[in-house]
Amino acid sequence: MTNTDIRRIPILLTSSVVAHDKGVRLQDPEERARLAMESILKWRAIAPMNPLVLCDGSDFDFSPSVSTLEGSGAVECLHFRNDVDLVQLHGRGYGEGEIVRYALEHSQLIQSAGCFAKCTSKLWVENFHECISQWNGDLLLKGVFSNVFSPRKATELAYIDTRFYVASVDTYRRFFVRAHHAIRSKEGHGLEETFREIFLNNKLKGRLMCPPPIICGVGGGTGVYYKNTPIRRLKEKWRYALTKRHPLFKRWFS
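Next comes the structure, spelled out in structure tokens:
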């Protein structure tokens with residue numbers, strides 16, 4: 002894909018101003034809406050040419066707020082109501098799956114581009130351009146590996162970080178559009194573990210991005226800003242570099 006094409010990839014921000022999952026600490030709707038708007042401004046500074054799609058699963062319409070932003074570029078605002086009972090039963094990962102599916106069905110920007118970069122609202126990716134430069138026209142994920150630095154335990158893929166990924170519409174519909182239906186929250190098996198199962202079962206080689214995305218902002222579950230210290234970033238890069246060299250995993254990376 003050319004650089005011009007990369008700049009046209011829509012960035013989908015998944016939002017729920019009303020937190021249907023009562024297990025998250027950040028419950029205040031006004032604060033959640035404010036932080037979503039903050040992420041739009043951050044994304045505009047990071048990727049001013051990429052259109053944004055803000056899709057809210059609590060039926061909150063961001064259009065009036067977005068219209069007040071100066072020079073914000075294209076921002077398509079979608080909203081609908083998640084299945085509240087199922088989100089409360091299975092957690093926010095279920096709601097996120099519904100939001101992405103709704104956006105794929107209703108976003109003109111995503112349908113026109115045929116692909117999208119998904120990021121949870123209230124967050125942004127500092128090294129977005131470095132991540133998107135790896136775009137293969139198919140799928141880019143962030144894998145989280147455990148035991149990388151352990152001399153006694155085998156390194157393994159713990160889960161896929163679903164806060165940020167890039168996918169073609171066709172690939173997402175083929176593999177992940179119903180991933181949230183496989184969540185088993187009572188067993189501690191969330192959306193991240195479901196993505197991991199799909200990745201492994203379908204042998205999706207060459208789809209892990211490296212270096213990993215530097216994700217910033219406020220986590221809805223904790224309600225606080227991430228602490229991306231230089232040491233933490235260096236450790237994450239080193240973890241990925243070691244894993245990519247591992248003979249069992251090197252073919253998984255882009």
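One rule links them: number in the numbering used here = place in the sequence shown (from 1) + 1. All C-beta atoms, glycine included, are put in the ideal place defined by N, C-alpha and C.
1) Less than 7 Å between C-beta atoms, sequence neighbours within five positions excluded: which residues of the same chain meet that for C78?
2) I'd like the ranges of any alpha helix (DSSP H) spanning at least 4 consecutive residues and lying wholly in the segment 210 to 253.
3) Return helix, strand or coil for E1, following the three-state DSSP convention.
4) Cα separation between T5 and R164?
5) Can you name, in chain order, every residue of its own chain whose Cβ lies under 8 Å from the Cβ of W125, other than the five neighbours on each side?
6) Around the Cβ of W136, are there at least 16 other Cβ atoms within 10 angstroms (buried) or fewer (exposed)?
7) Ignore the nearest five residues each way along the sequence and tell me which others in Y95's own chain have a CB closer than 7 Å to its CB.
8) Applying the criterion that 16 or more other CB atoms from any shown protein chain within 10 Å of the CB defines a buried residue, is T15 buried or exposed?
9) Roughly how many angstroms separate the alpha carbons of L235 and A155, rounded to a whole number?
10) Under DSSP, the beta strand (DSSP E) around R164 begins and ends at which residues?
11) Between G92, P49, V101, N51, which has its C-alpha nearest D57's C-alpha?
12) Below 7 Å CB to CB, which residues in the same chain sit around P214 once its five sequence neighbours on both sides are set aside?
13) Alpha carbon to alpha carbon, what distance is there between W253 and E194?
14) Along the chain, where does the beta strand (DSSP E) that runs through G144 open and close?
15) Classify K228 as buried or exposed, calling it buried when 16 or more other Cβ atoms lie within 10 Å of its own Cβ.
16) Would T244 be called buried (16 or more neighbouring beta carbons within 10 Å of its own) or exposed?
17) Work out the CA separation of P248 and E32 for me, nearest whole Å.
18) Roughly how many whole angstroms lie between the Cα atoms of F117 and N148?
19) Give the range of the beta strand (DSSP E) segment to which F200 is assigned.
20) Which of the three DSSP states, helix, strand or coil, is assigned to V76?
21) Could you tell me which of V225, C211, D139, K204 sits nearest to V167, measuring between CA atoms?
Looking at the coordinates:
1) Residue 78 sits at position 77 when you count from the first residue of the sequence shown. These residues qualify, in order along the chain: L55, D62, F63, S64, V67.
2) 231 to 246
3) Shown here, the chain extends from 2 to 255; a query on residue 1 therefore has no answer.
4) In the sequence shown, residue 5 corresponds to position 4, counting from 1. In the sequence shown, residue 164 corresponds to position 163, counting from 1. The predicted position of T5 is uncertain, since its pLDDT is 43 and thus under 50; a value taken from the coordinates is nonetheless stated next. Their Cα atoms are separated by approximately 25 Å.
5) Taking the sequence shown and counting its residues from 1, one reaches residue 125 at position 124. Contacts found: S40, K43, W44, I47, I216, C217, G218.
6) As a first step, residue 136 is located in the sequence shown; it is residue number 135 there, counting from the start. W136 is buried by the Cβ-count criterion.
7) Reading the sequence shown from its first residue, position 94 is the one you call residue 95. Excluding sequence neighbours, Y95 sits near L87, V88, H181, I184.
8) Here residue 15 refers to the residue found at position 14 when the sequence shown is read from its first residue. Buried, because 16 or more other Cβ atoms sit within 10 Å of the Cβ of T15.
9) Within the sequence shown, residue 235 is the residue found at index 234, counting from 1. Within the sequence shown, residue 155 is the residue found at index 154, counting from 1. Cα to Cα, the separation comes out at about 22 Å.
10) Taking the sequence shown and counting its residues from 1, one reaches residue 164 at position 163. Note, R164: beta strand (DSSP E), 157 to 169.
11) As a first step, residue 57 is located in the sequence shown; it is residue number 56 there, counting from the start. Closest by alpha carbon: V101.
12) Your numbering for residue 214 matches position 213 in the sequence shown. V126, N128, C132, K143, F165, listed in sequence order.
13) Walking along the sequence shown from the start, residue 194 turns up at place 193. Walking along the sequence shown from the start, residue 253 turns up at place 252. Their backbone Cα atoms lie some 17 Å apart in a straight line.
14) Here residue 144 refers to the residue found at position 143 of the sequence shown. From DSSP, the beta strand (DSSP E) with G144 extends over 140 to 147.
15) Here residue 228 corresponds to residue number 227 of the sequence shown, with the count starting at 1. Its Cβ having fewer than 16 others within 10 Å, K228 is exposed.
16) Along the sequence shown, one-based indexing puts residue 244 at 243. So T244 counts as buried.
17) Here the question's residue 32 lines up with position 31 in the sequence shown. Here the question's residue 248 lines up with position 247 in the sequence shown. About 46 Å.
18) Residue numbering aside, residue 117 sits at position 116 when the sequence shown is read from its first letter. Residue numbering aside, residue 148 sits at position 147 when the sequence shown is read from its first letter. C-alpha separation (whole angstroms): 32 Å.
19) Translated into positions along the sequence shown, residue 200 becomes position 199. Segment 192 to 202 is the alpha helix (DSSP H) holding F200; no beta strand (DSSP E) there.
20) Position 75 of the sequence shown, counted from the start, is the residue given in the question as residue 76. Of the three classes helix, strand and coil, the one that applies to V76 here is strand, per DSSP.
21) Within the sequence shown, numbered from 1, the residue matching residue 167 stands at position 166. Minimum Cα distance to V167 is reached at D139.
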